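Visitor:
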Amino acid sequence: MKITSSEYSVSAVREDQYPRDVLPEIALAGRSNVGKSSLINSFLNRKNLARTSSQPGKTQTLNFYKVNDSFYLVDVPGYGYAKVSKKQREQFGEMIQDYLETRANLEGLIIIIDARHEPTTDDIAMYNYALLLDLPILVVTTKMDKLKKSQYNKVQSNLRKHLDLNHDNVTVLTYSSETKLHLAELNKWIEDKIS
Ligand code: GTP
Ligand code: MG
Numbered sequence: 001m002k003i004t005s006s007e008y009s010v011s012a013v014r015e016d017q018y019p020r021d022v023l024p025e026i027a028l029a030g031r032s033n034v035g036k037s038s039l040i041n042s043f044l045n046r047k048n049l050a051r052t053s054s055q056p057g058k059t060q061t062l063n064f065y066k067v068n069d070s071f072y073l074v075d076v077p078g079y080g081y082a083k084v085s086k087k088q089r090e091q092f093g094e095m096i097q098d099y100l101e102t103r104a105n106l107e108g109l110i111i112i113i114d115a116r117h118e119p120t121t122d123d124i125a126m127y128n129y130a131l132l133l134d135l136p137i138l139v140v141t142t143k144m145d146k147l148k149k150s151q152y153n154k155v156q157s158n159l160r161k162h163l164d165l166n167h168d169n170v171t172v173l174t175y176s177s178e179t180k181l182h183l184a185e186l187n188k189w190i191e192d193k194i195s
């Protein structure tokens, strides 16, 4: 799929703020600072459409980006950020769960994990929760550019150690927003889910 247009559409914290034009949506979830917003920018070939930061906790609302006037990418606030209050964490959780569990036009979920580390407790919880949603899931290990080639094999085994990837609806992809490693595969997966 060729990306011909992309625009920020709306930010939402509850259902009545979601876009009204019901198009297919693909959501991105992952730990704070893992690189969700960066993946959106690299995928769309935009430098700063989704706001990124070296400080975790940048994205605090569901941010909808309209692509090719035909589908939405939904940037979801990161989990596992210690500095937000317990109350805020619970509100984040509720906002994300409401969206993931009720949005009928949600066609796929991309779970982003840092390629350099084993999945965290939060990553494992997110993944196991996602399995219950009965959606196509793409597990993306990002920041691959920070690894040496000799460490590539370890990425898959780290994942398998903690996540049961043996499901028909689950695909795994290594990625880098810097080098755009496997951008074509990411594009293909998304294209497939929205059509
Ligand atoms: P929150 O919105 O806080 O949840 O974070 P996020 O998951 O959206 O992360 P974001 O895209 O803001 O990226 C966090 C930091 O990681 C930034 O400093 C990015 O430049 C960096 N980063 C993201 N992806 C990559 C990557 O593939 N390679 C490298 N080297 N750095 C990356
Ligand atoms: Mg972000």
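The sequence shown begins at 1 in the UniProt record's numbering and counts up by one. Just so it is clear, CB atoms sit at the ideal spot from N, CA and C, and this is done for glycine as well. Note that the coordinates shown come from a computational prediction; the quantities given were computed from them, not determined experimentally.
Is it true that the CB of LEU135 sits closer than 8 angstroms to the CB of LEU109?
Guide: Cβ distance < 8 angstroms, so LEU109 and LEU135 count as in contact.
Visitor: Exposed or buried, ASN128, counting other C-beta atoms within 10 Å across all chains shown (16 or more means buried)?
Guide: The residue is exposed, with fewer than 16 neighbouring Cβ atoms inside 10 Å.
Visitor: Where does the unbroken alpha helix (DSSP H) through TYR127 begin, and where does it stop?
Guide: TYR127 -> alpha helix (DSSP H) spans 121-133.
Visitor: Do you know offhand how far LEU183's Cα is from ARG51's?
Guide: Their backbone Cα atoms lie some 20 angstroms apart in a straight line.
Visitor: Among GLN156, LEU163, SER54, which one has its Cα closest to the Cα of ALA115?
Guide: Ranking the options by Cα distance to ALA115, first place goes to GLN156.
Visitor: How big is the Cα-Cα spacing for VAL13 and TYR152?
Guide: Looking at the two C-alpha atoms, the distance is approximately 37 angstroms.
Visitor: So within the stretch 10-92, which uninterrupted alpha helix (DSSP H) runs reach at least 4 residues, ignoring any that extend past its ends?
Guide: Counting whole runs of 4 or more residues, the stretch 10-92 contains the alpha helix (DSSP H) stretches 36-44.
Visitor: Short of 8 angstroms in beta carbon distance, which residues of its chain neighbour GLU101, apart from the five on each side in sequence? Order them along the chain.
Guide: These residues qualify, in order along the chain: LEU133.
Visitor: With a cut-off of 8 angstroms, do at least 3 Cβ pairs link the stretch 49-67 to the stretch 138-148?
Guide: The stretch 49-67 is not in contact with the stretch 138-148.
Visitor: Can you tell me the Cα-Cα spacing of SER37 and MET126, whole angstroms?
Guide: Taking the straight line joining both Cα atoms gives about 18 angstroms.
Visitor: In terms of alpha-carbon separation, which member of GLN55, PHE43, GLN88 lies closest to LYS66?
Guide: That would be PHE43, whose Cα lies nearest to the Cα of LYS66.
Visitor: Under a Cβ-count criterion, where at least 16 other Cβ atoms within 10 Å of its own Cβ denotes burial, should ILE40 be classed as buried or exposed?
Guide: By the 10 Å Cβ count, ILE40 comes out buried.
Visitor: Check whether the Cβ of VAL10 lies closer than 7 angstroms to any heavy atom of the ligand GTP, and answer yes or no.
Guide: Result no, Cβ not under 7 angstroms from the ligand GTP.
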